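Right, one structure below, let's go through it.
There are 2 protein chains.
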Amino acid sequence: MDAPVEDPQRPVADLTERALIARIRDRLRAAPPWVIIGIGDDAAVVEPARNALEVITTDVCVDGVHVDSRFMPPAAIGARALAMNLSDLAAMGAAPRLATLSLLLPEALAVADLDALVEGTAAMATAHGVTVVGGNLSRSPGPLVLDVMALGTVGRRRVLARGGARPGDHVYVSGTVGAARAGLQQLQAGASPDRESAATGRYVWPEPRVRLGVLLGRARAASACMDLSDGLADALEQVAEASGVAIEIDAASLPIAPETRAWFEAAGVESVTAAVAASDDYELLFTVPPRKQGRLRHVTALEKKVPVTRIGTVKAGAGVRLKVGDRLEPLPPGYSHFGRSRG
Amino acid sequence: MDAPVEDPQRPVADLTERALIARIRDRLRAAPPWVIIGIGDDAAVVEPARNALEVITTDVCVDGVHVDSRFMPPAAIGARALAMNLSDLAAMGAAPRLATLSLLLPEALAVADLDALVEGTAAMATAHGVTVVGGNLSRSPGPLVLDVMALGTVGRRRVLARGGARPGDHVYVSGTVGAARAGLQQLQAGASPDRESAATGRYVWPEPRVRLGVLLGRARAASACMDLSDGLADALEQVAEASGVAIEIDAASLPIAPETRAWFEAAGVESVTAAVAASDDYELLFTVPPRKQGRLRHVTALEKKVPVTRIGTVKAGAGVRLKVGDRLEPLPPGYSHFGRSRG
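Chain order of the listed sequences is A and B. For the first sequence, our numbering gives the first residue as 20, with consecutive numbering after it. For the second sequence, our numbering gives the first residue as 20, with consecutive numbering after it.
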């Protein structure tokens, strides 16, 4: 039995696995009727959605690699672990449905921090209609790790893949690029996370473009789509390679917020170079054939709060080039969470 | 481009993320036609199975917590990470279908060890008809971590849950109990893993009871089922609690292999106490109503290579008791991967 007044700083290792699972379950929303068996058995049992393909992704959030608990609140880490996965589903045009949450907890982690972490995941799940149907708990001899699997659904002819871009298609990006990286740099320099900030707010509380992705898929407006979690440069390279095309980006058209531009320039780096290489913007890159521009206008009319900017054109050939004034330059290198520089 | 002759000991950090993903993909079996988009896009897209419920589980394998790379070959670690999940699906009566594999790799891990690890997962997947549809790769600032999500299918009235045991049901366990723990202790004492050994072989190369679970579900023979990954004592407690019943186990009937018994006794511990507390036996505990014994005989006739032993009876009441001669004793405490002693 827990003491009536609980020390919020007591470590998770003081609780049994069963008590920890009960705390987690209490913080997740009630399961809808299609969840036949939820958390608490060997596995979850669900009724699949009808007449839809399933889209499955998994992405991990490691303290010290993908996030930094020294300046990110636990709720933001919990939210981000799910957001990373929802962004991948959005990039396929899929509506998210369910997720599993695997937690590796350092024994010294405060129970209050675990609570906040799960509340962050739960809030992100509720915002996007996702049910956490199960998970796993283990102690971590290393850092805090959150590994999420998310499953969504998409109509058979609504899938947005990377390989469908064709010469002549227009290239678009949602939101802005580089803001999250500027925010991370500000946090590393000692700034406090501020939800209203166009920099730290964008890094700490990303908003996956779930509705935009679903609308683009439903309208069959986009020929290719990918999310920007590893940066715009990486996304452009991957779409160009998967589609067997070249992409030409107009540097002047890139949606870089004034605050982002000012931050990079003050740090002595060229803002376009910094912004295209920057990771952690949970935006969508997509291509639209000229004859489907009307469908895109329909989508943007339905999702007015997310700006969409045309940044370039798909060409025959290979590779990604940046048009700066009259010059065509190779794209600055992107970002990799693993290994040395990009191949 | 890789050098023509490769140093098998070079660390994974020497390769790009893309090169590592290519190596992993090369070691997994070709995707069946129901995989519309496999590894390489933002997410996998699959055609769901028809007329079946979906069963979803996730389980993590952390070096130093659930496995020990000092005496477990990488292929065995890769196989085990999937086996843990297949065992959970089997305990629900579900036929496994697909999995995702999330890898956290220490930078110093040899590329050859990563190859072997993935080959171990791939072999376990092939043995049970599982397709690895996606995954994720990250560097680990801590230990090697393999996090797996597995999805299987089961007919609507074929689900095996924990809560269905009723007074009068017979209690069964597959295989033997305690062998894996004896094997682990032998490895910790310096023994080499030996696939033919009834101890180290059982710890290092567990065989999830996938077919037995599916047959028990299809025959609707079992009223409750759970796997033994956290030990028999834990499984008995959970089934009794979820079903709102008591369980009485006959100590003399427990299937403890002679080698296991001898090992525990030589170490000065009582073999029944050690065996019921032992984790890592990937066996199934299940209950069968008396009127369904014929269905169970049908199942065991179809799956002859897995012995099934009656170990006790479900009673009205609560808790688990062990019958030793004429005495009824409380069950020795089980095992927890997390926190202090069990609640």
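C-beta: ideal position from N, C-alpha, C; glycine also. Everything numeric in this text was worked out from a predicted model, so none of it was measured.
Span separating the alpha-carbon of M91/B from that of A243/B
If you draw a straight line from the Cα of M91/B to the Cα of A243/B, it comes to about 33 angstroms.
So, for R99/A: in the same chain, excluding its five sequence neighbours on each side, which residues have a beta-carbon less than 7 angstroms away from its beta-carbon?
Excluding five sequence positions before and after R99/A, the CB atoms of its chain that fall closer than 7 angstroms to its own CB belong to C80, V86 and P225, given in chain order.
Buried versus exposed call for E126/A [16 or more other C-beta atoms within 10 Å across all chains shown]
Label assigned to E126/A: exposed.
When burial is assigned at 16 or more other CB atoms within 10 Å of the CB, is G171/A buried or exposed?
Buried is the call here.
Which residue or residues does DSSP assign as beta-bridge partners of N70/B?
None; N70/B has no bridge partner.
Considering only their Cβ atoms, is the gap separating V325/B from R228/B smaller than 8 angstroms?
With contacts defined as CB atoms closer than 8 angstroms, R228/B and V325/B qualify as a contacting pair.
Around the C-beta of R316/B, are 16 or more other C-beta atoms found within 10 angstroms, so that it is buried, or is it exposed?
Counting Cβ neighbours within 10 Å, R316/B comes out exposed, since fewer than 16 surround it.
Chain-ordered neighbours of P67/A on chain B, where CB pairs are closer than 7 angstroms
Contact note: P67/A reaches chain B through P67 and E73, using a C-beta cutoff of 7 angstroms and chain order.
Quick one: is S262/B buried, meaning 16 or more other Cβ sit within 10 Å of its Cβ, or exposed?
Buried, because 16 or more other Cβ atoms sit within 10 Å of the Cβ of S262/B.
Taking contact to mean at least 3 C-beta pairs separated by less than 8 angstroms, is the region 111–127 of chain B in contact with the region 140–155 of chain B?
Verdict: yes, contact present.
Please confirm if the region 299–306 of chain B is in contact with the region 186–205 of chain B, defined as three or more CB-CB distances below 8 angstroms between the two stretches.
Two segments are said to touch when three or more pairs of C-beta atoms, one from each, lie closer than 8 angstroms; by this definition the region 299–306 of chain B touches the region 186–205 of chain B.
For T76/A and chain B, any beta-carbon pair shorter than 8 angstroms?
Yes, T76/A lies at the interface with chain B (some Cβ there is under 8 angstroms from its Cβ).
Can you pull the chain A neighbours of M143/B, defined as C-beta to C-beta under 7 angstroms?
Those do not exist, as M143/B stays about 17 angstroms from chain A at its closest Cβ, beyond 7 angstroms.
Cβ of V84/B within 8 angstroms of any chain A Cβ:
The beta-carbon of V84/B is placed less than 8 angstroms from the nearest beta-carbon of chain A.
Residues in the same chain with beta-carbon distance under 7 angstroms from P351/A, minus the five sequence neighbours each way, listed in chain order, please.
Excluding residues within five positions, the ones whose Cβ falls inside 7 angstroms are A252, T292, V295 and A296.
Check whether the Cβ of A296/B lies closer than 7 angstroms to any heavy atom of the ligand MN, and answer yes or no.
No copy of the ligand MN occurs in the structure displayed, which carries no ligand at all.
Please classify G344/B: is it buried, with 16 or more other beta-carbons within 10 angstroms of its beta-carbon, or exposed?
Under this definition G344/B is an exposed residue.
Check for me: the alpha helix (DSSP H) holding S242/B runs from which residue to which?
Boundaries cannot be given for S242/B, as no alpha helix (DSSP H) includes it and DSSP labels it neither H nor E.
Option nearest G194/A by Cα separation, candidates L122/A, G97/A and T319/A
Relative to G194/A, the option among L122/A, G97/A and T319/A whose CA is nearest is T319/A.
Those runs of the alpha helix (DSSP H) which lie wholly inside the region 199–231 of chain B and span at least 4 residues
Runs of the alpha helix (DSSP H) lying entirely within the region 199–231 of chain B and spanning at least 4 residues, in chain order: 219–223.
For N104/B, which residues in the same chain have their Cβ closer than 6 angstroms to its Cβ, ignoring the five residues on either side in sequence?
Excluding positions up to five away in sequence, the list reads T76, D78, V167 and A169.
Is it buried or exposed for T145/B, if we count other Cβ within 10 angstroms and need 16 for buried?
By the neighbour-count rule (16 or more Cβ atoms within 10 Å), T145/B is not buried but exposed.
Report the neighbours of I55/B on chain D: residues whose CB is nearer than 8 angstroms to its CB, in chain order.
The chain labelled as chain D is not found among the protein chains of the depicted structure, namely A and B.
Does P52/A pass the burial test, meaning 16 or more other C-beta atoms within 10 Å, or should it be called exposed?
By the 10 Å Cβ count, P52/A comes out exposed.
Continuous alpha helix (DSSP H) stretch holding H189/B: start and end
Premise fails: H189/B lies in the beta strand (DSSP E), H189 to S193, not in any alpha helix (DSSP H).
Own chain residues within Cβ distance below 8 angstroms of E25/A, not counting five before or after
Spatial neighbours of E25/A in its own chain (CB-CB distance under 8 angstroms, excluding positions within 5 residues in sequence) are listed in chain order as V130.
Give the C-beta separation of V64/B and M111/A to the nearest angstrom, bearing in mind that I take them to be a contact with Cβ-Cβ under 8 angstroms.
With a Cβ gap of about 7 angstroms, V64/B and M111/A count as contacting.
Among the residues of its own chain, which have a CB less than 6 angstroms from the CB of E256/A, if the five just before and after it don't count?
Leaving aside the five residues that flank E256/A on each side, the residues in its chain whose CB is nearer than 6 angstroms to its CB run, in chain order, V339.
Just by C-beta distance, which residues in the region 315–328 of chain A are closer than 9 angstroms to chain B?
Listed by position along the chain: nothing, the set is empty.
Are the C-beta atoms of T119/B and some chain A residue less than 8 angstroms apart?
Flagged as an interface residue toward chain A: T119/B, by a C-beta distance shorter than 8 angstroms.
Got a sec: which bits of the region 148–166 of chain B sit with their beta carbon under 7 angstroms from any beta carbon on chain A, in order along the chain?
Answer set for the region 148–166 of chain B: V152, G153, G154, N155, L156, S157, R158, S159, P160, G161, P162, V164 and D166.
So, with DSSP's three-state summary, where would you put T35/B?
Coil, per DSSP.
My assumption, with CB atoms under 8 angstroms, is that M245/B sits in contact with R181/B. Please give the rounded CB distance.
Rounded, the Cβ-Cβ distance is 5 angstroms, consistent with contact.
Can you pull out the residues from the region 96–110 of chain B whose beta carbon lies closer than 7 angstroms to at least one beta carbon of chain A?
Taken in chain order, the members of the region 96–110 of chain B whose beta-carbon sits within less than 7 angstroms of a beta-carbon on chain A are D107, L108 and A110.
Whether A50/B touches G59/B by CB criterion (8 angstroms):
It is not a contact, given that the beta carbons lie outside the stated cut-off.
Determine the contact status of G139/A and P93/A, defining contact as a CB-CB distance below 8 angstroms.
One thing to note: G139/A has its Cβ within 8 angstroms of the Cβ of P93/A.
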